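Residue numbers (our numbering): 29 to 214.
Yeah, the Cβ is synthetic: ideal placement off N, Cα and C, and Gly gets one too.
Since this is a predicted model, take the numbers as computed values, not measurements.
Report on the following structure.
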Amino acid sequence: MSQREQVPKTDLEHFDRTDSLFSLCGLNCGLCGFRLQGNCNGCFKDSFCAARCPMAPCSVRHGNLQYCFECPEYPCKHYDGFDSYDTLVLHRNQRKDMQKAKEFGIEAYLAEQRQKVGLLNRLLESYDDGQNQVLYCAAVNILSVDDMSSIIDKADSETAGMSLSERAKYAESALRKFASKKGIKL
Numbered sequence: 029m030s031q032r033e034q035v036p037k038t039d040l041e042h043f044d045r046t047d048s049l050f051s052l053c054g055l056n057c058g059l060c061g062f063r064l065q066g067n068c069n070g071c072f073k074d075s076f077c078a079a080r081c082p083m084a085p086c087s088v089r090h091g092n093l094q095y096c097f098e099c100p101e102y103p104c105k106h107y108d109g110f111d112s113y114d115t116l117v118l119h120r121n122q123r124k125d126m127q128k129a130k131e132f133g134i135e136a137y138l139a140e141q142r143q144k145v146g147l148l149n150r151l152l153e154s155y156d157d158g159q160n161q162v163l164y165c166a167a168v169n170i171l172s173v174d175d176m177s178s179i180i181d182k183a184d185s186e187t188a189g190m191s192l193s194e195r196a197k198y199a200e201s202a203l204r205k206f207a208s209k210k211g212i213k214l
């Protein structure tokens, strides 16, 4: 079944998730531009995403797992080719993020995600001129909390009195330069 086909509703009757920051398959929903724009409400029972997700019924069949990494069969065939996607949440980090959540525990991982959501909100509130939301989502998703905090703190001190457009250009440049030094393409 392709990911675009709808999953039979009966397979989703018992699908029950409570986490709105980290998806079943490992996407950082709290850092997703689609979600910020109101175009996605996450992988919940009656959501658009769950109805098209091959992992949702699989979760139910395996005891209604909250995260795929909890499954003894993870990573399974559903992850074939996932690393080749590149969306607003950047699929390229799914496996790494799932491994991190598995190793450190979901509560520690979610605590970090809440910090990242706060950093993203800072960027959007002070540096979003309507042109960089995708960049900001990607940067916060990929870079560490400490790195993002340093970049934003420096931007805050160096852009006081600038127009929103100038602050946005500064933030974009700072993020791209930092990522480039680390060998990361945003």
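Close Cβ partners of residue i (< 6 Å) along its chain, the five nearest in sequence each way excluded
i	result
Asp157	Leu192, Ser193 and Ala196
Pairwise C-alpha distance: residue j and residue i
i	j	result
Ser30	Pro82	Because Ser30 carries a pLDDT of 42, less than 50, the predicted location of this residue cannot be relied on, and the following value inherits that uncertainty. For Ser30 and Pro82, the distance between alpha carbons rounds to 8 Å.
Ala188	Tyr198	11 Å
Gln65	Gly91	32 Å
Asp108	Tyr102	11 Å
Asp184	Cys57	26 Å
Ala137	Met190	Checking the sequence, you will find Tyr at residue 137 rather than Ala. Taking the straight line joining both Cα atoms gives about 35 Å.
Leu93	Lys130	13 Å
Gln143	Leu214	20 Å
Leu152	Ile212	21 Å
Ile139	Lys210	Reading the sequence as shown, one finds Ala at residue 139 and not Ile. Cα-Cα distance, rounded: 24 Å.
Lys124	Phe97	11 Å
Tyr155	Glu186	12 Å
Ile179	Tyr95	31 Å
Ser177	Arg150	10 Å
Leu203	Cys68	26 Å
Gly133	Asp47	14 Å
His119	Met126	11 Å
Simplified DSSP assignment, three categories, for residue i
i	result
Asn92	coil
Phe97	helix
Gln31	In this prediction, Gln31 has a pLDDT of 44, which is less than 50 and means its spatial position is unreliable; what the coordinates show is noted afterwards. Residue state, collapsed to three classes: coil.
Phe50	strand
Asn67	coil
Asn121	helix
Asn56	strand
Lys210	coil
Glu41	coil
Tyr102	coil
Pro82	coil
Phe132	helix
8 Å contact criterion, which residue i and residue j should meet: CB distance rounded
i	j	result
Asn121	Asn160	Going by Cβ atoms, the distance from Asn121 to Asn160 rounds to 19 Å, so no, they are not a contact pair.
Gly61	Cys165	5 Å
Phe206	Asp175	7 Å
Leu171	Leu59	About 11 Å; that fails the 8 Å criterion.
Contact set for residue i: own chain, Cβ-Cβ below 7 Å, skip 5 residues either direction
i	result
Lys73	Leu40, Phe43 and Asp44
Ser75	Asn69
Meets three-Cβ-pair contact criterion under 8 Å: the region 52-68 and the region 79-95: The way I'd put it, the region 52-68 does touch the region 79-95; three or more beta-carbon pairs between them come closer than 8 Å.
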